[in-house]
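*Asks:* Okay, here's the structure, questions in a sec.
2 protein chains.
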Amino acid sequence: MPKRAPRRAPEVSIGVDLGGTGIRFARVTVDGDVIGRPGVVPVVDRRKAAVLGQLRRAVVEACSGSQAVEAVGIGVPGFIRRDRGVIVRSPNFPDWRNVPVRQILQRDVAVPLVIENDANAAALGEDWIGAGQGGRGILVMLTLGTGVGGGLVSDGRLITGRDGMAGEIGHQTVDPSGPPCTCGNTGCLETYASYTGLVANYRRRTGSSEDELSGLELAARARRGDAEAQLVFADMGWALGVTLANLINLLNPSRIVLGGGLSGAWPLFIRRAMQEIDRRAIRAAARGVLIRRAKLGTAAGMIGAARAAWQAVTGTGHTGAVSRLGRRVRPTMRAAS
Amino acid sequence: MPKRAPRRAPEVSIGVDLGGTGIRFARVTVDGDVIGRPGVVPVVDRRKAAVLGQLRRAVVEACSGSQAVEAVGIGVPGFIRRDRGVIVRSPNFPDWRNVPVRQILQRDVAVPLVIENDANAAALGEDWIGAGQGGRGILVMLTLGTGVGGGLVSDGRLITGRDGMAGEIGHQTVDPSGPPCTCGNTGCLETYASYTGLVANYRRRTGSSEDELSGLELAARARRGDAEAQLVFADMGWALGVTLANLINLLNPSRIVLGGGLSGAWPLFIRRAMQEIDRRAIRAAARGVLIRRAKLGTAAGMIGAARAAWQAVTGTGHTGAVSRLGRRVRPTMRAAS
Chain G
55 MPKRAPRRAP EVSIGVDLGG TGIRFARVTV DGDVIGRPGV VPVVDRRKAA VLGQLRRAVV
115 EACSGSQAVE AVGIGVPGFI RRDRGVIVRS PNFPDWRNVP VRQILQRDVA VPLVIENDAN
175 AAALGEDWIG AGQGGRGILV MLTLGTGVGG GLVSDGRLIT GRDGMAGEIG HQTVDPSGPP
235 CTCGNTGCLE TYASYTGLVA NYRRRTGSSE DELSGLELAA RARRGDAEAQ LVFADMGWAL
295 GVTLANLINL LNPSRIVLGG GLSGAWPLFI RRAMQEIDRR AIRAAARGVL IRRAKLGTAA
355 GMIGAARAAW QAVTGTGHTG AVSRLGRRVR PTMRAAS
Chain X
55 MPKRAPRRAP EVSIGVDLGG TGIRFARVTV DGDVIGRPGV VPVVDRRKAA VLGQLRRAVV
115 EACSGSQAVE AVGIGVPGFI RRDRGVIVRS PNFPDWRNVP VRQILQRDVA VPLVIENDAN
175 AAALGEDWIG AGQGGRGILV MLTLGTGVGG GLVSDGRLIT GRDGMAGEIG HQTVDPSGPP
235 CTCGNTGCLE TYASYTGLVA NYRRRTGSSE DELSGLELAA RARRGDAEAQ LVFADMGWAL
295 GVTLANLINL LNPSRIVLGG GLSGAWPLFI RRAMQEIDRR AIRAAARGVL IRRAKLGTAA
355 GMIGAARAAW QAVTGTGHTG AVSRLGRRVR PTMRAAS
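Protein chains in written order, with our numbering: chain G, 55 to 391; chain X, 55 to 391.
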């Protein structure tokens, strides 16, 4: 009788999501199965050295399992230069400017390591095993939260543009003479469809000077029948509809996924958004596009970051991986042609 | 002494551009060289049977040279289902509805035949051997004419979306409460930045009821100092700038190419457009994007259509080719990996 081969632990990639309050990480197989329980490391001190230390801790802990780790992907908030693995700047970490995160972490990590924008990572995650799973063509994902993030995936691969900055759906102009945005523009989607924008618009409407008014409280008021709160959510729907109609006409996507905490207020904005899409999008392109709520919740970012890592080592997408020796990583496997 | 191999005529693909007044065609090598003089067949009668007859004539004439023809690509105006080779509808040919152009022409053509939207074809042409030549990343092309067409090319391949309808830049909303557009929406780029839109806006401003006012005449008036004409061109620049800033933030393109007859009025709108980009686009994404006038003029469409044909037979892009026998064409060559 032949000896039975010992059962091998599956190979995994590590997906990490660097958030403003915590760093989440998980071990993910090439098929998108999460192995074991995801971990989390808190972020209390947001200064650069402290966060980098915690990020290092998370990566090392994630790599310490019994599985063979193939690659590490990290989703980070802010503008990045993905080919260089640099965070250019981040709204969550004000003192970060051109931080070479990949180079710093690579000192402790022997496998390929890639950096991805967190909204892009979430889009990859939802496309892979979330609300967009199994679809072909273009997936548009919006992350509606404190701000509005976006990501574009085409047949499983991110549309990244020249520097990896593509997907800034939050900074699409909806009304050129609209409210001022933190980015310097006026009338961006983010000024209507983020917690920050909703609260500002509610204050403008009501003259309220409540200090502690949160987006969640605003949603609660709208549900309880506060007419002004309902109106700012209707404006959110309007702005979202204008932007989605533009994206439908521009990209002819097959799937649109709305995630982030604010997507939980779905009934407060979606009808108005659909009306606007119906009014503005080319009918043949709008017909059949699936508009869905995200499925993976806060796990989307780390799962998508693992996806980016797998794509880097299999040569099927991400191009920003460099080995510890400073050479560009050669793909070890290619997609079947 | 070994016999000298006889000099072989190069293999060519045929690029055809179906326009409202004429059908242009050329023989184009795999390297983008146009062999011999392009041909043209007039379109006088725009009814379906007549145009299809002329299109057939053009394709047969184009295939009659001494070169081995590998494939035929046809750029057509209007919405298409590229995988099926069907023109869904066309502003230039009002009685065309769901015309299976590829299937009809394939009866007379033994090689793979692909249909592409004309603005997409022009984008492919400019990306290949025109104003975008040699660049990587995303190229955005706008064709400014009677309407506004658009095309998106990423690393040499069209971004087509689910049904091949992507790239409708003319129907991006600039001002949600702007002028009505033929597409049913209001405030589309096309209502500001096309000959049709300019003339309508000039009439609105001046109360003019001149019947024969053309876009060319309007440009001439602006150049001669007509303040109202200059203002409609400034509004065109504003609308173009708003849209290009959105595209820069969304796609982080490396190159933006402006073509079509109206791009000849460049000095009348470009400064205003650049101001608006500067004001609205994310600086890091706007920096370094090349904004250029198209180079290939009216030849862009047929050259790009030939490019689409080459991509279909080499398996490097276009997926809409079917052989005469009704089987999907197997790529005969693959891009080096």
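Ideal placement from N, C-alpha and C gives every residue a C-beta, glycine not left out.
Threshold first: 4 residues or longer. Then list the alpha helix (DSSP H) segments lying entirely within the segment 134 to 186 of chain G, N to C.
*Replies:* If we require 4 residues or more, the alpha helix (DSSP H) runs fully inside the segment 134 to 186 of chain G come out as 155 to 160 and 172 to 183.
*Asks:* Locate the beta strand (DSSP E) running through E124 (chain X), then write down its first and last residues.
*Replies:* V123 to V130 is the extent of the beta strand (DSSP E) around E124 (chain X).
*Asks:* At a CB distance below 7 Å, what residues from the segment 177 to 195 of chain G approach chain X? Give them in sequence order.
*Replies:* Within the segment 177 to 195 of chain G, the qualifying residues are G191 and I192.
*Asks:* Check the C-beta distance from S317 (chain G) over to A293 (chain G) and give it rounded, since I have them as a contact under 8 Å.
*Replies:* Between A293 (chain G) and S317 (chain G) the Cβ distance is about 15 Å, and since that is not below 8 Å, they are no contact.
*Asks:* Does the beta-carbon of E266 (chain G) have 16 or more other beta-carbons within 10 angstroms, so that it is buried, or is it exposed?
*Replies:* Exposed, since its Cβ has fewer than 16 Cβ neighbours within 10 Å.
*Asks:* Between G238 (chain X) and chain G, is there a C-beta pair that is closer than 9 Å?
*Replies:* It does; some Cβ of chain G falls within 9 Å.
*Asks:* Is any beta-carbon of chain X found at less than 9 Å from that of V70 (chain G)?
*Replies:* V70 (chain G) does not count as touching chain X.
*Asks:* Using a Cβ-Cβ cutoff of less than 6 Å, which residues in the same chain neighbour A177 (chain X) once the five nearest sequence positions on both sides are dropped?
*Replies:* Only M195, G205 and V207 meet the Cβ criterion.
*Asks:* My output table needs one value for C242 (chain X): the three-state DSSP class, helix, strand or coil.
*Replies:* Three-state result, C242 (chain X): strand.
*Asks:* What is the DSSP secondary structure of V84 (chain G), reduced to helix, strand or coil?
*Replies:* Coil, per DSSP.
*Asks:* Would S308 (chain X) count as contacting chain G if we go by Cβ distances under 9 Å?
*Replies:* Chain G contact via Cβ: present.
*Asks:* Pick out whichever of G:R337, G:I324 and G:L285 has its Cα sitting closest to the Cα of N306 (chain G).
*Replies:* The candidate whose alpha carbon is nearest that of N306 (chain G) is G:R337.
*Asks:* Please classify A389 (chain X) as buried or exposed, where buried requires at least 16 neighbouring CB atoms within 10 angstroms.
*Replies:* Note that A389 (chain X) has pLDDT 29, beneath the 50 cutoff, so the model's placement of it is unreliable and no number is given.
*Asks:* May I ask you to list the residues that DSSP assigns as paired with D71 (chain X)?
*Replies:* For D71 (chain X), which the question treats as bridged, DSSP gives the partners X:R78 and X:G129.
*Asks:* Closer than 7 Å by beta-carbon distance: list the chain G residues that pair up with T227 (chain X), in chain order.
*Replies:* Ordered by position in chain G, the residues that pass the 7 Å Cβ test against T227 (chain X) are V296, A299, N300 and R334.
*Asks:* Could you tell me which of G:V168, G:A359 and G:D149 sits nearest to Q157 (chain G), measuring between CA atoms?
*Replies:* Comparing Cα positions, the closest option is G:V168.
*Asks:* Report the partner residues of V429 (chain G) according to the DSSP bridge assignment.
*Replies:* Outside the shown range of chain G (55 to 391) lies residue 429 (chain G), about which nothing can therefore be said.
*Asks:* Should M219 (chain X) be flagged as near chain G, meaning a C-beta pair shorter than 9 Å?
*Replies:* Yes, its Cβ sits closer than 9 Å to a Cβ of chain G.
*Asks:* Which partner residues does L193 (chain X) have in the DSSP bridge list?
*Replies:* L193 (chain X) is bridged to X:V207 and X:R309.
*Asks:* Less than 9 Å separating the beta-carbons of G129 (chain X) and G69 (chain X)?
*Replies:* Taking 9 Å as the Cβ cut-off, G129 (chain X) and G69 (chain X) qualify as a contacting pair.
*Asks:* Quick one: which unbroken alpha helix (DSSP H) runs of 4-plus residues sit fully inside the segment 260 to 333 of chain X? Chain order, please.
*Replies:* Complete alpha helix (DSSP H) runs here, min 4: 269 to 278 and 281 to 305.
*Asks:* Just tell me which of G:G184, G:G314 and G:F79 has its CA closest to the CA of D403 (chain G).
*Replies:* This structure cannot settle anything about residue 403 (chain G), because the visible part of chain G is limited to 55 through 391.
*Asks:* Pick out whichever of G:M219, G:L312, G:G313 and G:T352 has its Cα sitting closest to the Cα of V142 (chain G).
*Replies:* Closest by alpha carbon: G:M219.
*Asks:* Taking just the CA atoms, how far does G132 (chain X) sit from S144 (chain X)?
*Replies:* Roughly 4 Å separates the two Cα atoms.
*Asks:* Which term fits W364 (chain G), buried or exposed, when burial requires 16 or more other beta carbons within 10 angstroms of its beta carbon?
*Replies:* It is buried - the Cβ of W364 (chain G) has at least 16 other Cβ atoms within 10 Å.
*Asks:* Quick one: what does DSSP say I336 (chain G) is sitting in, helix, strand or coil?
*Replies:* Reduced to three states, the DSSP call for I336 (chain G) is coil.
*Asks:* Could you say which of G:V113, G:F323, G:A339 and G:E180 lies nearest to V165 (chain G) if we only look at CA atoms?
*Replies:* The candidate whose alpha carbon is nearest that of V165 (chain G) is G:V113.
*Asks:* Within a Cβ cutoff of 6 Å, which residues of the same chain sit near L193 (chain X), ignoring the five residues on either side of it in sequence?
*Replies:* Hits under 6 Å: D181, G186, V207 and R309.
*Asks:* Please state whether DSSP places G93 (chain X) in a helix, a strand or coil.
*Replies:* The answer is strand: DSSP assigns G93 (chain X) an E or B state.
*Asks:* Are the C-beta of T223 (chain G) and some C-beta of chain X separated by less than 9 Å?
*Replies:* Residue identity differs from the one stated: residue 223 (chain G) is Ile in this sequence, not Thr. With 9 Å as the cut-off, I223 (chain G) counts as an interface residue toward chain X.
*Asks:* Secondary structure at G236 (chain X), three-state DSSP: helix, strand or coil?
*Replies:* Correcting the residue type first, residue 236 (chain X) is Thr in the shown sequence and not Gly. T236 (chain X) falls in the coil class under three-state DSSP.
*Asks:* Going by beta-carbon coordinates alone, are V296 (chain G) and D229 (chain G) separated by less than 9 Å?
*Replies:* Yes, Cβ-Cβ distance for V296 (chain G) and D229 (chain G) is below 9 Å.
*Asks:* Is the Cβ of A390 (chain G) closer than 9 Å to any Cβ of chain X?
*Replies:* Any reading at A390 (chain G) needs caution, since the residue's pLDDT is 31, under 50, leaving its predicted position unreliable; the model's value is listed next. Output row for A390 (chain G): interface = no.
*Asks:* Within 9 Å (strictly less), CB to CB, does N146 (chain G) reach chain X?
*Replies:* Not an interface residue.
*Asks:* Starting from R111 (chain X), trace the alpha helix (DSSP H) both ways and give me its first and last residue.
*Replies:* It spans K102 to A116 - the alpha helix (DSSP H) in which R111 (chain X) sits, taken as one unbroken run.
*Asks:* What number of angstroms, rounded off, separates the C-alpha of G251 (chain G) from the C-alpha of L322 (chain X)?
*Replies:* Going from the Cα of G251 (chain G) to the Cα of L322 (chain X) covers about 36 Å.
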